[in-house]
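A short write-up of the structure that comes next.
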Amino acid sequence: MDNVAVPAGNYVSKVLELFAGYGDAEAIVAGERRFTYNDVRTGILTMAAALYNHGLRPGVSVGILAGSAPETVALQFGVHLMGGRVAWIAPNSPVSFRREFLALSGVDAFVYDADSYPEAGAELAATGDLPVFCIGADGLGPDLKAAPVVTELPFDLADVTTEPQALFQTGGTTGQPKLVHHKQRFFETVLAFGERYLATGGHHMRHLALSGYWHVSAQMPAHMSLFTGGTYIIQDGFDVEEFYDLIASERITDTLIPPPLLGYLLDNPATEKADLSSLRWVSLGGSPTAPARMSQAIARMGTVLRPAYGMSEAPIIAAYPQIPDDPALLSSVGQPYGDLQLEIRDPDGNVLPIGETGEICVSGGVMMAGYWGLPELTAETLVDGWLRTGDVGYLDEAGNLFLVDRLKDMILTGWGSTNVYARPIENVLAAIPGVAAAAVIGVPHATWGEAVHACVVLSPGVTMTEDEVKAAVSAELNDLWAPRTVEFLEALPLTEANKVNKLELRARYLASTS
Numbered sequence: 001m002d003n004v005a006v007p008a009g010n011y012v013s014k015v016l017e018l019f020a021g022y023g024d025a026e027a028i029v030a031g032e033r034r035f036t037y038n039d040v041r042t043g044i045l046t047m048a049a050a051l052y053n054h055g056l057r058p059g060v061s062v063g064i065l066a067g068s069a070p071e072t073v074a075l076q077f078g079v080h081l082m083g084g085r086v087a088w089i090a091p092n093s094p095v096s097f098r099r100e101f102l103a104l105s106g107v108d109a110f111v112y113d114a115d116s117y118p119e120a121g122a123e124l125a126a127t128g129d130l131p132v133f134c135i136g137a138d139g140l141g142p143d144l145k146a147a148p149v150v151t152e153l154p155f156d157l158a159d160v161t162t163e164p165q166a167l168f169q170t171g172g173t174t175g176q177p178k179l180v181h182h183k184q185r186f187f188e189t190v191l192a193f194g195e196r197y198l199a200t201g202g203h204h205m206r207h208l209a210l211s212g213y214w215h216v217s218a219q220m221p222a223h224m225s226l227f228t229g230g231t232y233i234i235q236d237g238f239d240v241e242e243f244y245d246l247i248a249s250e251r252i253t254d255t256l257i258p259p260p261l262l263g264y265l266l267d268n269p270a271t272e273k274a275d276l277s278s279l280r281w282v283s284l285g286g287s288p289t290a291p292a293r294m295s296q297a298i299a300r301m302g303t304v305l306r307p308a309y310g311m312s313e314a315p316i317i318a319a320y321p322q323i324p325d326d327p328a329l330l331s332s333v334g335q336p337y338g339d340l341q342l343e344i345r346d347p348d349g350n351v352l353p354i355g356e357t358g359e360i361c362v363s364g365g366v367m368m369a370g371y372w373g374l375p376e377l378t379a380e381t382l383v384d385g386w387l388r389t390g391d392v393g394y395l396d397e398a399g400n401l402f403l404v405d406r407l408k409d410m411i412l413t414g415w416g417s418t419n420v421y422a423r424p425i426e427n428v429l430a431a432i433p434g435v436a437a438a439a440v441i442g443v444p445h446a447t448w449g450e451a452v453h454a455c456v457v458l459s460p461g462v463t464m465t466e467d468e469v470k471a472a473v474s475a476e477l478n479d480l481w482a483p484r485t486v487e488f489l490e491a492l493p494l495t496e497a498n499k500v501n502k503l504e505l506r507a508r509y510l511a512s513t514s
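Residue numbers for the sequence shown follow this note's numbering, beginning at 1 and rising by one.
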């Protein structure tokens, strides 16, 4: 083993130390390819050396368009080893977004996955005057996968004086996505989470990744697995049969599922016969999970479900320590996670007492440093060391957090301009037999300003009328909260982060009524 030493100020020093200690244990599985921790450690050094040998220097910033190839993991750590900044470009974001983000990120070089995104990568590479590198052959730049393997770096680590950083796109549920800026503190905090996990006797993780490594919420569990000596298993694309086959054959202990996908799985016949005996935690994140769906999932999968709440700006805010015995708590998202502090505040920034609803504000190590290139928005969102999430919720006496809605999704309706929140209505809709999925938005109303509009997806073979939907909500809540209009869809549109795309639902409604 080499004797590479990294300055103590760079978190990658700890990563290399951990990986050397885990040695020949299995670190990453991607299809037929399997990598030990020694392989990954060597890959990190090789990536850093390859970039340096092609003219890039410590402090470099690199834009990346890639999925979850093992080399992508080594690439990020390699850039960070150089004290550099990575800017992740979401592969499934609109073409115009990708161009704007690459320009906004201000990078010195661009890397794309020539195996998975040959056309998109080449198109994006052509938009800027940047050095181009590839992961895979037949691209527009040198293939980093083919770089000579090294055990010593071609540069002096004493020259690395800059801080590792990363930019991630947000999910874009409230507007055009932004670049969220995370500094070294974020990665150091995840390392600390891993140390605490091992110290408290956490199980040996075998994490199955469905989301791309380019998303910050996917990196959290990937790094938790790697930092604790577990195995990071990648499923390229989603197929139900392959998903269940991997769980059984690889003895998967952990995975992260977005709630829309959970609903799809629960309605799929393959779920009934799947071998899920190895699962220890199935985290649910990206959007709220209706209590009715939670109950169904627990009945099928057992008490392995763990709803979690986070966002690109703070990827883990709250999570269930365990499935609660009280069914009423299934509508919560658990309790603050790790070092995170959480307060509920009114519009003036005053902290509200237990049980009162207001904006969720958080502070902790996984909190972003700001929005890259958007100082005014950063100043509005980060106030005195606290992140204003834009989400509305409340805490109970036990510290459980209950989400009510997005602050910007609040619907002002009725003669008294009453605050009506989408999530309670969506929970009622999801509990109606035959409803597979539902989303609620506010739409223009001539008399009340706004009205509740429900978008409903029915299970196969189910028929339902608009009046039946309205009556079910009215009976559970009241007439004011009941939808004024109901739209039946075959599926709900999703963002690249697998959240319901309410912008698209609103645009579709406005187009249909114009």
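Where is the CB? At the ideal position from N, CA and C, for every residue including glycine.
Helix, strand or coil at residue i according to DSSP, with G and I counted as helix
i, result
"PRO336", "strand"
"ARG484", "coil"
"SER211", "coil"
"TYR421", "coil"
"MET367", "coil"
"ARG251", "coil"
"THR162", "coil"
"PRO548", "It is not possible to answer for residue 548, since the shown part of the chain is limited to 1 through 514."
"ARG57", "coil"
"ASP239", "coil"
"ALA120", "helix"
"MET410", "coil"
"VAL462", "coil"
"TYR264", "helix"
Residue nearest to residue i in terms of C-alpha spacing, selected from the options
i, options, result
"PHE488", "ARG508, THR170, LEU458", "LEU458"
"ASN350", "ASP384, PRO336, LEU377, LEU374", "ASP384"
"SER332", "GLU397, TYR371, GLU100", "GLU397"
"SER283", "ILE298, ASP275, ALA166", "ILE298"
"GLU242", "GLY141, LEU226, GLU468, ALA209", "ALA209"
"PRO353", "ILE344, GLU359, LEU179, ILE233", "ILE344"
"ASP516", "ALA314, ALA218, SER217, TYR264", "Absent from the model: residue 516. The displayed extent of the chain is 1 to 514, so no value can be given."
"GLN184", "THR381, ASP113, THR378, GLY9", "GLY9"
"LEU179", "ALA137, PHE97, GLY237, CYS361", "PHE97"
"PRO577", "PRO307, LEU262, ILE411", "Nothing in the structure corresponds to residue 577, since the chain is present only between 1 and 514."
"ASP346", "TYR337, LEU340, GLU356", "GLU356"
"ASP326", "ILE316, GLU313, MET294", "MET294"
"THR255", "GLY449, LEU16, ALA218", "ALA218"
"ASP348", "ALA431, THR162, ILE360", "ILE360"
"HIS80", "ALA292, LEU157, GLY414, ALA451", "LEU157"
"ALA290", "PRO424, GLY202, ILE247, PRO375", "PRO424"
"PRO269", "ARG300, PRO154, PRO260, GLY237", "ARG300"
"TYR394", "PRO315, LEU329, GLY414, VAL456", "LEU329"
"GLN296", "ASP236, VAL190, THR271, GLY202", "THR271"
"ARG99", "ALA74, ALA114, ALA125, SER116", "ALA125"
"TYR213", "ALA103, GLY194, PHE168, TYR37", "PHE168"
"ARG406", "TYR309, GLU26, MET205, THR161", "TYR309"
Environment of residue i [buried if 16+ CB atoms lie within 10 Å]
i, result
"GLN76", "buried"
"ASN400", "buried"
"ASN498", "buried"
"ALA379", "exposed"
"ASP391", "buried"
"GLY175", "Residue confidence is low: GLY175 scores 48 on pLDDT, short of 50, so the model does not pin down where it sits. No coordinate-derived value is stated."
"GLN165", "buried"
"ASP479", "exposed"
"VAL462", "exposed"
"GLU32", "exposed"
"PRO375", "exposed"
"GLN322", "exposed"
Residue i - partner residues in DSSP beta bridges
i, result
"LEU144", "In DSSP, LEU144 forms no bridge with anything."
"ARG306", "SER283"
"VAL440", "ALA454"
"LEU506", "According to the sequence shown, residue 506 is Arg rather than Leu. ARG506 is not bridged to any residue."
"LEU395", "LEU401"
"HIS445", "GLY449"
"VAL351", "ARG345"
"PHE110", "GLY63, VAL132"
"ILE257", "LEU284"
"MET311", "ALA314"
"GLN169", "LEU179"
"ALA69", "Looking at the DSSP assignment, ALA69 forms no beta bridge with any residue, so it has no partner."
"ARG388", "CYS361"
Heavy atom of the ligand ATP within 7 Å of residue i beta-carbon
i, result
"LYS502", "Here there are no bound small molecules, and the ligand ATP is not part of this structure."
Sufficient close CB pairs (3 or more, under 8 Å) joining the region 53-63 to the region 86-96
yes
Validate contact between the region 150-164 and the region 102-121 using beta carbons, cut 8 Å, 3 pairs
no
Segment contact, 8 Å Cβ cut-off, at least three pairs: the region 189-198 with the region 221-241:
yes
Using 8 Å as the threshold, is the region 214-226 in touch with the region 42-62, meaning 3 or more CB pairs across them?
no
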